[in-house]
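Working notes, beginning with the structure itself.
2 protein chains.
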Amino acid sequence: MTYQHAITALADPTRRVIIDRLRAGPLAVGAIANGMEISRPAVSQHLRVLSDAGLLTVTPSGNRRLYAIAPDGVDALRKYLDSLWDDALSAFARAAHEKAKGQ
Amino acid sequence: MTYQHAITALADPTRRVIIDRLRAGPLAVGAIANGMEISRPAVSQHLRVLSDAGLLTVTPSGNRRLYAIAPDGVDALRKYLDSLWDDALSAFARAAHEKAKGQ
DNA sequence: ACTTACGGTAAGTCATTGCTTACGATTCGT
DNA sequence: ACGAATCGTAAGCAATGACTTACCGTAAGT
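Top line first, the protein sequences correspond to chains A and B.
Under my numbering, think of the first position of the first sequence as -9, with each following residue one higher.
Under my numbering, think of the first position of the second sequence as -9, with each following residue one higher.
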């Protein structure tokens, strides 16, 4: 039941930028913040939110900390949306059928 | 490129409750607000946000307005997450491979 | 050992947003 | 035609959250 935190975390545009930067593979905090307009502490705070939401994993590597996308967290959100998608389609088909019958 | 608005709209817990109420089929505003703790205008405002995000459709029916989940809006979000999912899995596999080779 | 690099945390500020009450517009029932 | 019902919008308020600067701990390099 962690998809709520995940969707809240992904609602922020800056956090989606961070996620996009990690699509190709793990990165250290400095590498993520480099080129972004906000300060490095701000990036740290976003990374904290994303990690708490289960969307990122952290692996300390010497001096630095490597962040990577956690497939499990993304999957939780996917499952929620798939369920919503199924129900929406069923309701849509039923509504269309009722309308055709009524008309 | 409308998935950003969709994910922002779904980030609010109250709006997810509204969406859940519409899973079974279209409902009027009063029916949605009935039993909820917030006022009806607040529900109207949420419905506005969800509609603007492409997640709901409105069909006026006499005195009332029937809101229903828009499958297209949900699908846009699904596609974004599927893409993210694919990249996350690839990056994960690559990282595991590099680690195995390096170790 | 001392300095430098890396990154998390704290405190404070400002904008965003979700809620309420009040009001107006449209449609149904009689 | 008139009163009631349904619903959207405006204005105002309080809470949440994203950002900044300042600070502290830990690991690497010399």
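We treat Cβ as the ideally placed atom computed from N, Cα and C, and that holds for glycine.
As the structure is a prediction and not an experimental result, all values here were calculated from the model.
The continuous beta strand (DSSP E) containing Arg54(A) extends over residues Arg54 to Ile59. A straight line joining the alpha-carbon of Ile28(A) with that of Val19(B) spans about 41 Å. With a cutoff of 9 Å on beta-carbon distance, Ala66(B) and Ala1(A) are scored as not near each other. Taking C-beta atoms as the reference points, Ala78(B) and Pro16(A) fail to come closer than 9 Å. Residue pairing for Pro50(B): DSSP places it in a beta bridge opposite Arg55(B).
Per DSSP, the unbroken alpha helix (DSSP H) holding Ala(-1)(A) starts and ends at Tyr(-7) to Leu0.
In the structure shown, the three-state DSSP call for Ala85(A) is helix.
Residue range Arg30 to Asp42 is occupied by the alpha helix (DSSP H) that includes Ala32(A). Using a Cβ-Cβ cut-off of 7 Å, Ala1(B) is close to Ile(-3), Thr(-2) and Ala1 of chain A, given in chain order.
Taking 9 Å as the threshold, the shortest C-beta distance from Leu37(B) to chain A does not fall below it.
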